[in-house]
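Quick note: the sequence shown uses this note's numbering, first residue 8, plus one each step.
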Amino acid sequence: MADHGHSEQEIVDRINAPPGRGVLRDVIYGGIDGSVTTFAIVAGVAGAGLSPFVIVALGIANVLADGFSMAAGNYSGTKAELDNIRRLRAIEERHIALYPDGERSEVREILTQKGLDGPVLEDATDAITANRENWINLMLEGEYGLGSVDPHPMKAAVATFLAFLVAGMIPLLPFLFGLEHAFTISAWVTMGVFFAIGALKSRWSLEPWWRSGIETLLIGGVAALIAFGVGSLFQI
Numbered sequence: 008m009a010d011h012g013h014s015e016q017e018i019v020d021r022i023n024a025p026p027g028r029g030v031l032r033d034v035i036y037g038g039i040d041g042s043v044t045t046f047a048i049v050a051g052v053a054g055a056g057l058s059p060f061v062i063v064a065l066g067i068a069n070v071l072a073d074g075f076s077m078a079a080g081n082y083s084g085t086k087a088e089l090d091n092i093r094r095l096r097a098i099e100e101r102h103i104a105l106y107p108d109g110e111r112s113e114v115r116e117i118l119t120q121k122g123l124d125g126p127v128l129e130d131a132t133d134a135i136t137a138n139r140e141n142w143i144n145l146m147l148e149g150e151y152g153l154g155s156v157d158p159h160p161m162k163a164a165v166a167t168f169l170a171f172l173v174a175g176m177i178p179l180l181p182f183l184f185g186l187e188h189a190f191t192i193s194a195w196v197t198m199g200v201f202f203a204i205g206a207l208k209s210r211w212s213l214e215p216w217w218r219s220g221i222e223t224l225l226i227g228g229v230a231a232l233i234a235f236g237v238g239s240l241f242q243i
């Protein structure tokens, strides 16, 4: 994990412009699902003994249709999350207007839970409740566990779709290029994608890169084996 600076200006810039949740979850989500579902189609169709043309046609259809479906679902889910934040913000605004003393007591309790007491607690309560926006933000964090940075539905959707598109096309490349032993090559490169996604994911965790890579590889491998097994049942 990269260190950040602690000069006065760096602290001011960082705290006043937080990066938010980012798109890591969306990229990992889209990449893994893109690889798994597309290779599942490749494995299933190959297991059924159908032609490479059918594999490519179904694979591309999956990448575009399922990728868009996932992106739309992520957009709707993230937008629902954003709508809920706005709903809770409106509730707190109304409560502050109608029950300022009660809401002030809630601020005091939140700050108490953070370790403040005595005159410092009262001064901090006065300072926060003197600014309506700061007051609401503290209530959202302390009462509902929400951050001050809102999610971005369109950014989440685009990240999911692009990750799905890139990762989902990789299992199809050996068939698109007409390579000999295309299914074997597709299987190996797809396993490599699973491992790479897991290894990359470890950059944002405390888990060793190789363990995270193997975990994701096993998840994708199981899905591929299931699809190939089902496809083999319908082999022509």
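Each residue gets a CB set at the ideal place from its N, CA and C atoms; glycine is no exception.
Thinking just about the alpha-carbon of each residue, which of 128, 34, 62 is nearest to the one in residue 207?
If we check each option's Cα against that of residue 207, 34 comes out closest.
Does the region 37-46 touch the region 170-179, meaning 3 or more C-beta pairs lie closer than 8 Å?
Judged by Cβ distances under 8 Å, the region 170-179 makes contact with the region 37-46, as three or more pairs qualify.
How many whole angstroms separate the CB atoms of residue 51 and residue 238, which I take to be in contact at a CB cut-off of 8 Å?
4 Å between Cβ atoms; contact.
In whole angstroms, what is the alpha-carbon distance linking residue 205 and residue 229?
Computed Cα separation, rounded: 15 Å.
When you compare each of 234, 143, 66, 201 to residue 219 by their alpha carbons, which one comes out closest?
Of the listed residues, the one whose Cα sits closest to residue 219 is 201.
Measuring straight from C-alpha to C-alpha, what distance separates residue 116 and residue 135?
Roughly 13 Å between the two C-alpha positions.
I'd like the span of the alpha helix (DSSP H) that includes residue 151, first residue to last.
Start and end: 139-151.
What does a CB cutoff of less than 8 Å around residue 153 pick up in its chain, not counting 5 residues either side in sequence?
Same-chain partners within the cutoff: 92, 95, 147.
Answer yes or no: do residue 184 and residue 63 have a C-beta to C-beta separation smaller than 7 Å?
No, the pair does not count as a contact, with Cβ atoms beyond the cut-off.
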